[in-house]
Amino acid sequence: MVEVEQDRRELRDHAREIKFLVDPELGERIRAWQRAHLEPDPMGTGPNKDEYATTSLYFDTDKYDVYYGRGSFGRAKFRVRRYGNEPVIFLERKFRTDRLLAKRRTTVDLADLERLEPMQTDPTWKGYWFHRRLIARGLGPVLQFSYDRTARLGTSETGPVRLIQQAFLAKHSTLLLVAGGVLLYGMLQLTEAVGLWMMKRWGEYVAAVATTVFIPLEIYELIEKVTWLRVGALVVNLFAIGYLVYTKRLFGARGGHAAFVAERHSASLIEVERSASRRQPPVDAHSG
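Quick look at the structure:
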């Protein structure tokens, strides 16, 4: 079980984090070295007392100011963290400058996560400081991910060090599903491009279908939180779909395929008449 502290503040001078992305084979070699040379993390479990599962929920603005490091947003990160299946969560803020790292962590019950949703804060709640700052900075949940962590501790000439290895928790079937979805969407886009380039009727249908793919996701995001950006994205997509269906007479609109063929035939006749009139020689007024 994770050792629980109700509220903790931590301040470090010149603290640094160095991160590397390594393949699984090298990761196993690093883990073996960790366990041979470093001490287990006090919060660790498992046979080697250095493992635990972590789930983190990160917050950002609608314009992803934290992610892009804009202004003061680039110095402070807010997140909610849970270890394993513990009944508590940690409200955390990490503030960093060139020479300083400051952390604040408050422990609350898992059920208290719902208290972050309303725009009204409760000064009597111990997570009040976290909730208030989320609202003041316009932050909302944007990313949740889970991973297995192996952590070991050591010492150096400049102080303590902590070597952490993280492996994202994603089932092989889930990764295959995501990869399959990306592949199918790519094929859909390619099919649309070929159809439109060849001026085929079915290309217009594919374009309309491809435009509707993200409509359910946009509606879901609006249900979660209404913002002008999300409303605008949904309106633009709906307008684009309506425009395609109306102007191209798709799915039976305005007479459907028969009316579309008749319109093209009429346009072709008009073009032929115009071409013929341009080629007809002028009449000589003095002839005859």
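In terms of the working numbering, the sequence shown opens at residue 90 and continues consecutively. Cβ coordinates follow ideal geometry from the N, Cα and C atoms, glycine included. Every value quoted in this text rests on a predicted model; they were computed, and no experiment measured them.
(message) Less than 8 angstroms between the beta carbons of GLY216 and ARG204, yes or no?
(response) Here residue 216 corresponds to residue number 127 of the sequence shown, with the count starting at 1. Here residue 204 corresponds to residue number 115 of the sequence shown, with the count starting at 1. In this structure, ARG204 lies closer than 8 angstroms to GLY216 by Cβ.
(message) Less than 8 angstroms between the C-beta atoms of LEU300 and LEU333, yes or no?
(response) Here the question's residue 300 lines up with position 211 in the sequence shown. Here the question's residue 333 lines up with position 244 in the sequence shown. The residue asked about is misnamed: residue 300 is Thr in this sequence, not Leu. Against a cut-off of 8 angstroms, the Cβ pair of LEU333 and THR300 comes out as a contact.
(request) Indicate the three-state DSSP secondary structure (helix, strand or coil) for THR134 in the structure shown. (result) To locate residue 134, count along the sequence shown from 1; it is residue 45. THR134 sits in a strand when the DSSP states are folded into three classes.
(message) Which residue marks the beginning of the alpha helix (DSSP H) containing TYR172, and which one marks its end?
(response) Here residue 172 refers to the residue found at position 83 of the sequence shown. Where TYR172 is concerned, there is no enclosing alpha helix (DSSP H), although the beta strand (DSSP E) around it starts and stops at 165-172.
(message) For a test of the three-state rule: what should DSSP assign to ASP201, helix, strand or coil?
(response) Position 112 of the sequence shown, counted from the first residue, corresponds to residue 201. Looking at ASP201 - three-state DSSP - the assignment turns out to be helix.
(message) Given a cut-off of 8 angstroms on the beta-carbon distance, is the pair PHE303 and ASN326 in contact?
(response) One-based indexing of the sequence shown puts residue 303 at position 214. One-based indexing of the sequence shown puts residue 326 at position 237. Cβ distance < 8 angstroms, so PHE303 and ASN326 count as in contact.
(message) In whole angstroms, give me the CA-to-CA distance for TRP291 and GLY284.
(response) Residue numbering aside, residue 291 sits at position 202 when the sequence shown is read from its first letter. Residue numbering aside, residue 284 sits at position 195 when the sequence shown is read from its first letter. TRP291 and GLY284: Cα-Cα distance of roughly 7 angstroms.
(message) Check this for me: beta carbons of PHE162 and VAL155, under 8 angstroms apart or not?
(response) In the sequence shown, residue 162 corresponds to position 73, counting from 1. In the sequence shown, residue 155 corresponds to position 66, counting from 1. Result yes, Cβ atoms of PHE162 and VAL155 sit closer than 8 angstroms.
(request) Check whether the Cβ atoms of THR134 and GLU128 sit closer than 8 angstroms, and answer yes or no. (result) Position 45 of the sequence shown, counting from 1, holds the residue named residue 134. Position 39 of the sequence shown, counting from 1, holds the residue named residue 128. One thing to note: THR134 has its Cβ no nearer than 8 angstroms to the Cβ of GLU128.
(request) Helix, strand or coil for GLU175, going by three-state DSSP, please let me know. (result) The residue given as residue 175 occupies position 86 in the sequence shown. Look at GLU175 here: in three-state DSSP terms it is coil, with no helix or strand label.
(request) Starting from the N-terminal side, write out each stretch of the beta strand (DSSP E) that is 3 residues or longer and does not extend beyond the region 214-300. (result) If we require 3 residues or more, the beta strand (DSSP E) runs fully inside the region 214-300 come out as 229-245, 248-257.
(request) Pick helix, strand or coil for TYR141, following the three-state DSSP scheme. (result) On the sequence shown, residue 141 is found 52 positions in, with the first residue counted as 1. TYR141: strand per DSSP, three-state reduction.
(message) With H, G and I counted as helix, E and B as strand and the rest as coil, what does DSSP make of ASP96?
(response) Taking the sequence shown and counting its residues from 1, the one referred to as residue 96 is at position 7. In this structure, ASP96 counts as strand in the three-state DSSP scheme.
(request) Take ALA322 and list the residues in its own chain whose beta-carbon comes closer than 8 angstroms to its own, dropping the five residues that flank it on each side. (result) Within the sequence shown, residue 322 is the residue found at index 233, counting from 1. GLU307, listed in sequence order.
(request) Starting from THR196, follow its DSSP beta bridges and name the residues at the other end. (result) Within the sequence shown, residue 196 is the residue found at index 107, counting from 1. THR196 pairs with PHE179.
(message) Run through the DSSP bridge pairs and tell me what PRO129 is partnered with.
(response) As a working mapping, residue 129 is identified with position 40 in the sequence shown. Per DSSP, the beta-bridge partners of PRO129 are ARG241.
(message) Less than 8 angstroms between the beta carbons of LEU146 and PRO230, yes or no?
(response) Numbered from 1 along the sequence shown, position 57 holds the residue referred to as residue 146. Numbered from 1 along the sequence shown, position 141 holds the residue referred to as residue 230. Yes, the Cβ-Cβ distance between LEU146 and PRO230 is below 8 angstroms.
(message) Suppose you measure from the CA of TYR309 to the CA of ALA121; what does that come to, to the nearest Å?
(response) Within the sequence shown, numbered from 1, the residue matching residue 309 stands at position 220. Within the sequence shown, numbered from 1, the residue matching residue 121 stands at position 32. About 44 angstroms.
(request) Taking LEU339 as part of the alpha helix (DSSP H), name the residues at either end of that continuous run. (result) Mapped onto the sequence shown, residue 339 falls at position 250. LEU339 -> no alpha helix (DSSP H), and no H or E assigned at all.
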